[in-house]
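Each residue of the sequence shown is one higher than the one before, starting from 48 at the first, in the numbering used here.
The beta carbon of each residue, even a glycine, is placed where N, CA and C say it ideally should be.
Quantities reported herein were computed from a predicted structural model and do not represent experimental measurements.
Below you'll find the structure, written out as structure tokens, and then a few comments.
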Amino acid sequence: MVLISKQYPNQPYIVPFQDPTVIIPAHCIEELKNLPDSSLSPNGSMYHRFAIRWTNSGWVGRELAHSIKYDLAHEVDDFFPTIQEEIQYAAAQALPFSDTWTSLSPQAPLTYIVGLVIGKMMVGAPLNRDKKWLSASINHAVAVLMFSGYLRQFPNFLRPLVAGFLPQKRAVEKSKRDITDTISAIVQRKLNSNCSELDAESSRPPESGRLVRWLLKRYKPAENLEFSPLLVYRDHYSLCFAAIHGPTFLLVQAIIDAASYPQYISQLRREVDRELAQAPFEKWTRETINRLTFVDAFCKESARMNPQGLIGWLRKTHKSVALSTGHTIPPDTLIAATNPLYNTQATPLINDPKEFKPERWMGDRTNKDPNANFRFGSASIDSLIFGYGKHACPGRPFGVCIIKAMLAYIMSKWDVRLPDGRRERPKNVCMDFAVVPPIAPFGNLNIEFRLRDIKREINTDI
48 MVLISKQYPN
58 QPYIVPFQDP
68 TVIIPAHCIE
78 ELKNLPDSSL
88 SPNGSMYHRF
98 AIRWTNSGWV
108 GRELAHSIKY
118 DLAHEVDDFF
128 PTIQEEIQYA
138 AAQALPFSDT
148 WTSLSPQAPL
158 TYIVGLVIGK
168 MMVGAPLNRD
178 KKWLSASINH
188 AVAVLMFSGY
198 LRQFPNFLRP
208 LVAGFLPQKR
218 AVEKSKRDIT
228 DTISAIVQRK
238 LNSNCSELDA
248 ESSRPPESGR
258 LVRWLLKRYK
268 PAENLEFSPL
278 LVYRDHYSLC
288 FAAIHGPTFL
298 LVQAIIDAAS
308 YPQYISQLRR
318 EVDRELAQAP
328 FEKWTRETIN
338 RLTFVDAFCK
348 ESARMNPQGL
358 IGWLRKTHKS
368 VALSTGHTIP
378 PDTLIAATNP
388 LYNTQATPLI
398 NDPKEFKPER
408 WMGDRTNKDP
418 NANFRFGSAS
428 IDSLIFGYGK
438 HACPGRPFGV
448 CIIKAMLAYI
458 MSKWDVRLPD
468 GRRERPKNVC
478 MDFAVVPPIA
488 PFGNLNIEFR
498 LRDIKREINT
508 DI
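Set out below in structure tokens:
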């Protein structure tokens, strides 16, 4: 991708992925970002690439997007302390409590932590710790990725014929049934109460079924003749897919980077310990986490160096789209932009783009704009981690916050290192357009964990 981006820096070209894709120049994103969905859309790309036709998962409608962008943003400060408590509980359950090194594949324990935390936001206690709900939600995210990835190996004309027979499809359907079973009582209760119940002690809506409440407020079932509870279930599937897979990917890569670049661990810990001296972890607020500027820079650099794909800003055209390059993209075409890591034209101001340097984001951080380039959560042309334009990830403020909180807590409690004295950062694995960490089932990398010992650190420093 690096070579072809250099060869064609200012014109579109086609890459023969399993689903052939037109790669547009980075500057064209700006001119296309506000086009109506009738012209091009991310949902169109999701429908094609991630097999929404067969999974009914991954579609982000207005009700789900607005629930996350507005309702979550409005209420998050009310329940954020419970998120911090959940991180502590989840990490204690998932990571080894031993003062000797324990080697493990990081995917399962970190997915478990993310699943509990995301569940705390979505369904609340006690359901987020229910084994059936948690297992189904985690398995759903994995099953959709495995099914769609396997299905993409078949030509388009064969996909309708083989989709129903793939074992991965059965895994998707089982996870959906289990999610539906576990939240159906909440959905019915909210419908019967017209979402009006309040917590007796706080005079606030209860945390149980938080996402259902938001969605029903948006769908307005009493006024909407087209409403069906199936829409609420579909939105739950979609959020399990997006909100568990995305943060887990970023957290896994950040932990691998912490183990690969141990020279940054002490700086991460100094910042975390500074805040812990002011308040215990469970009392942290979003403002506390916003003060973790080096944690933010570390996550930003980790995400920059480890994008989720060779390409980003995935869209599908529904009408002909004209580019300023003079080219016209026909309808029903998958388009994307090369992720900035593989396109130096998109990041001309980054020196040494192949070097892992979190400190590059620690310059002047006085700009309060959440999309300022140096921020982990920025959505800009040269940082496509969370998309760009009107369809940028609506939940990124919350997602960014919990990723930094989880990394901060793990760094405060555990040492991490690569196994067998390895020093070099293991390379990621490319699969079609996707990029994945070299851990099971795509690689054999383990990470070693050990409970942190402050006294040991002091003696080592001496």
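Report the three-state DSSP secondary structure of T391 (helix, strand or coil). Counted from its first residue, the sequence shown places residue 391 at position 344. T391 falls in the helix class under three-state DSSP.
Could you spell out where the alpha helix (DSSP H) holding I185 opens and where it closes? Here residue 185 is taken as the residue at index 138 of the sequence shown, counted from 1. Start and end: 178 to 198.
Just checking, does the segment 221 to 241 make contact with the segment 115 to 122 on the three C-beta pairs under 8 Å criterion? no
If I follow the unbroken alpha helix (DSSP H) through A305, where does it start and stop? Along the sequence shown, read from residue 1 onward, the residue named residue 305 stands at position 258. Run containing A305: 276 to 307, per the alpha helix (DSSP H) assignment.
Cutoff 6 Å; reference L111; Cβ partners in own chain excluding five residues on either side: Reading the sequence shown from its first residue, position 64 is the one you call residue 111. For L111, where only same-chain residues beyond five positions count, the Cβ hits under 6 Å are D282.
Within the 7 Å Cβ cut-off, does K267 reach chain D? Absent from the structure is chain D; it holds one protein chain and no more.
So which of L297, P327, R316, F445 has the shortest CA-CA distance to R499? Sequence index remark: in the sequence shown, residue 499 carries index 452 (1-based). When each option's Cα is compared against that of R499, the closest is R316.
Taking only three categories from DSSP, how would you classify W360? In the sequence shown, counting from the first residue as 1, residue 360 sits at position 313. In the structure shown, W360 sits in a strand (DSSP, three-state: E or B).
Report the option in F423, F194, Y60 whose CA atom is closest to the CA atom of V219. To locate residue 219, count along the sequence shown from 1; it is residue 172. Minimum Cα distance to V219 is reached at F194.
Out of R422, P67, Y456, which has the shortest C-alpha to C-alpha gap to R443? On the sequence shown, position 396 is the one that residue 443 refers to. Ranking the options by Cα distance to R443, first place goes to R422.
Evaluate Q200 with the Cβ neighbour count: other Cβ atoms within 10 Å of its Cβ, from every protein chain shown; 16 or more gives buried, anything less gives exposed. In the sequence shown, counting from the first residue as 1, residue 200 sits at position 153. So Q200 counts as exposed.
Where does V170 fall in DSSP's three states? Translated into positions along the sequence shown, residue 170 becomes position 123. Three-state result, V170: coil.
Within a Cβ cutoff of 8 Å, which residues of the same chain sit near A306, ignoring the five residues on either side of it in sequence? Residue 306 sits at position 259 when you count from the first residue of the sequence shown. So the qualifying residues of the chain are V463, R464, L465, I494, E495.
Assuming I153 contacts V299 (C-beta within less than 8 Å), just tell me the rounded distance between them. To locate residue 153, count along the sequence shown from 1; it is residue 106. To locate residue 299, count along the sequence shown from 1; it is residue 252. Checking the displayed sequence, the identity of residue 153 turns out to be Pro instead of Ile. Right, their Cβ atoms sit about 5 Å apart.
Taking the alpha-carbon positions, what's the A188 to F288 distance? As a first step, residue 188 is located in the sequence shown; it is residue number 141 there, counting from the start. As a first step, residue 288 is located in the sequence shown; it is residue number 241 there, counting from the start. Approximately 4 Å, taken between the alpha carbons.
Go ahead and pull the three-state DSSP assignment for L498. The sequence position of residue 498 within the sequence shown is 451, counting from 1. Residue state, collapsed to three classes: strand.
Segment limits, beta strand (DSSP E) that includes L208: Taking the sequence shown and counting its residues from 1, the one referred to as residue 208 is at position 161. Where L208 is concerned, there is no enclosing beta strand (DSSP E), although the alpha helix (DSSP H) it sits in stretches over 206 to 209.
Taking T375 as the reference, give the member of Q54, K53, A324, Q58 with the closest Cα. Residue numbering aside, residue 375 sits at position 328 when the sequence shown is read from its first letter. When each option's Cα is compared against that of T375, the closest is Q58.
Can you give me the Cβ contacts of T340 inside the same chain, cut-off strictly under 8 Å, excluding the 5 residues immediately before and after it? Here residue 340 refers to the residue found at position 293 when the sequence shown is read from its first residue. Once the five neighbours on either side are set aside, the close Cβ partners of T340 are E318, M409, R412.
DSSP three-state call for V69: helix, strand or coil? Translated into positions along the sequence shown, residue 69 becomes position 22. In this structure, V69 counts as strand in the three-state DSSP scheme.
Evaluate contact between the segment 469 to 487 and the segment 135 to 150, counting only Cβ atoms and requiring at least three cross-stretch pairs below 8 Å. no
Hey, how far is the Cα of S349 from the Cα of N475? In the sequence shown, residue 349 corresponds to position 302, counting from 1. In the sequence shown, residue 475 corresponds to position 428, counting from 1. The straight-line gap from Cα to Cα measures roughly 12 Å.
Can you tell me which of the three DSSP states S371 falls into? Within the sequence shown, numbered from 1, the residue matching residue 371 stands at position 324. Coil.
Buried or exposed: where does A30 fall if 16 or more other Cβ atoms within 10 Å of its Cβ makes it buried? It is not possible to answer for residue 30, since the shown part of the chain is limited to 48 through 509.
Beta-carbon contacts of I428 that lie in its chain and below 7 Å, excluding the five residues immediately before and after: Locating residue 428 in the sequence shown gives position 381, counting from the first residue. A73, I76, E77, A393, Y435.
Can you give the Cα-Cα distance for N414 and N420, rounded to whole angstroms? On the sequence shown, position 367 is the one that residue 414 refers to. On the sequence shown, position 373 is the one that residue 420 refers to. About 10 Å.
Alpha carbons only, please: which of I303, C448, K460 is nearest the one belonging to E471? Position 424 of the sequence shown holds residue 471. Looking at the Cα atoms, I303 is the closest of the given residues.
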